[in-house]
Every structure is written in C-alpha cells, then in structure tokens.
Amino acid sequence: MPGTATEQDIELILEKVANDRGGIMPPSNGRGGGEGGKKPPQRWPAPKRYYTGIAFGIVSVLMFFMALASAYLVRRGSPDWVPVRVPMLMWFNTAVLLVSSGTLEMARNRLGLLDVRGFRRLWGLTAVLGMVFLIGQVVAWRQLVGEGIYLASNPASSFFYIFTGAHALHLIGGVGALVYVAWRNFEKAQITRVVAAEVASYYWHFMDALWLFLLVLLYLGK
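Each residue of the sequence shown is one higher than the one before, counting from 591 in this note's numbering.
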C-alpha cells in the first residue's frame, strides 16, 4: 500500500537507530525498561568488534602477500628465472573486478536510502562480477598451460600461479560474504545489515587493491 513502510524498511530504520545509540534497540512499547517488570531494551553487539575483526583479517592477508612479494623480488634475479607473460585476459578480468567495486558502492547507497530490493540487485551483481573474475582467471591459467607454462616450469611460473591462485582463494571468501549479506535474515542476527555490508565492502575493496598490486608486480617481473 503506498505510503506504508515495509518490514524491511522498518528493519533498516531500527538498524540506524541502533547504530546511533551504540547498539541499543529502543523498546517496542516506547518506554524504558527495568523497574515495574518492564522488558529492558534489546542490545546488539557494538559494531566496533566487527570493524576490528576485519582489520585484523586484512592485515593478516596483507602480511602473507608481502612475504611472498619479498621472496619474489629476491628470487627474480636468479639465472633460472624465465619471465611469464601476463595473459591479455587478465587485464579484462581486472576491469571486471574494478567495476564490481563500483556496483558494491552503488548497492550500499541504495541500502542507505532504505531500498532493500535495489540493494540486493546491485549487491548480487557485485557477487556475479566476482565470479566472472574467478572464471576468467581459470581460463587465463588454461591458456598458460596450453603454452606449456606450468606451476613447476621455473621459479617465475611458480610465483605467478601462487600469487594469482592465493588471491583467487581469498576472493572466493569475499564472494561468499557478499552472498551472505544479500540473503541473510538479520532480524535475529548478531549484526545489522548495514554494518555487515560495510564490513564486507572493506574486504572487497582491499582484494581489488591487492590484485592491482599483484598485477603490477607480475607485469614488471616479466
């Protein structure tokens, strides 16, 4: 019915109120709890714990790849180093991943406007673009195999497959997080949809930036 808020709209409004009040949901009867047998207000976990968790996760992934990058730079000057040409398809894959960051932010904007349907449509498109990127990476690996370039061919090819494969594995986790945020019922969850979307966006943008760094590293090492 026009002018009537849907349950999803009400959910988002309550989430915003909860965030403004530090994770405290207002009581349904509009009165304070405590004395007189009144039910105390519902408390949701403070969003800070989720931001701290994703920060630790990002730092851990970053340290792992920085260790690999350091080993790559040291090993690159060895006599048995045979450079690997970056397949042209990987440049297309990069464009797809960058576009996915744009659709993700568009989705978060729709969520801020209480348009849950629009949010899910754009958020789902982001997940699809992520899967397109992963499929493209598999095709690029098959192209290299067709050229006779394997994981154990030489140190350069080993690093190439390790870098791109490790990034793909971490991106699969990001796709899973996108699907979770899109379709999870947050009414009884320990986190709000707004906070979950923001936390997932941090990880996704980080994976985009990490891929750009790896691509430049691999291109310069050819």
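Even for Gly, the Cβ is constructed at its ideal location relative to N, Cα and C.
These numbers were taken from a predicted model, which means no experiment stands behind them.
Alpha carbons only, please: which of the options is nearest the one belonging to residue i?
i           : options               : result
residue 783 : 701, 666, 680 and 643 : 701
residue 659 : 767, 760 and 756      : 756
residue 717 : 766, 741, 747 and 778 : 766
residue 671 : 774, 744, 749 and 760 : 744
residue 679 : 736, 699, 729 and 758 : 729
residue 787 : 754, 699, 689 and 649 : 699
residue 693 : 714, 705, 725 and 673 : 714
residue 696 : 711, 675, 662 and 759 : 711
residue 794 : 804, 809 and 768      : 768
residue 655 : 724, 685, 684 and 758 : 758
residue 723 : 770, 704, 791 and 683 : 683
residue 800 : 764, 777 and 771      : 764
residue 750 : 809, 649, 646 and 681 : 809
Go ahead and label residue i buried or exposed: buried means 16 or more other beta carbons lie within 10 angstroms of its beta carbon, across all protein chains shown.
i           : result
residue 731 : buried
residue 773 : exposed
residue 762 : exposed
residue 780 : exposed
residue 642 : exposed
residue 690 : buried
residue 775 : exposed
residue 662 : buried
residue 802 : exposed
residue 668 : exposed
residue 771 : buried
In the DSSP assignment, find the unbroken alpha helix (DSSP H) run with residue i in it and report its ends.
i           : result
residue 638 : 638-665
residue 684 : 678-702
residue 769 : 745-773
residue 788 : 783-810
residue 707 : 706-736
Can you name, in chain order, every residue of its own chain whose Cβ lies under 8 angstroms from the Cβ of residue i, other than the five neighbours on each side?
i           : result
residue 640 : 781, 785, 786 and 789
residue 719 : 686, 687, 689, 690 and 693
residue 726 : 679, 680, 682, 683 and 686
Apart from the five residues just before and just after residue i, which ones in its own chain have a Cβ nearer than 6 angstroms to its Cβ?
i           : result
residue 806 : none
residue 665 : 745
residue 591 : At residue 591, the pLDDT of 46 sits below 50, so the modelled position is not reliable and the matter cannot be decided from this model.
residue 753 : 804
residue 792 : 644
Might you give, ordered along the chain, the residues of its own chain that have their beta carbon closer than 7 angstroms to the beta carbon of residue i, omitting 5 neighbours on each side?
i           : result
residue 677 : 730, 733 and 734
residue 760 : 651 and 797
residue 708 : 700
residue 748 : 741 and 742
Quick one: does the C-beta of residue i sit closer than 6 angstroms to a heavy atom of the ligand ATP?
i           : result
residue 805 : Among the ligands in the structure shown, none appear at all, so the ligand ATP cannot be discussed.
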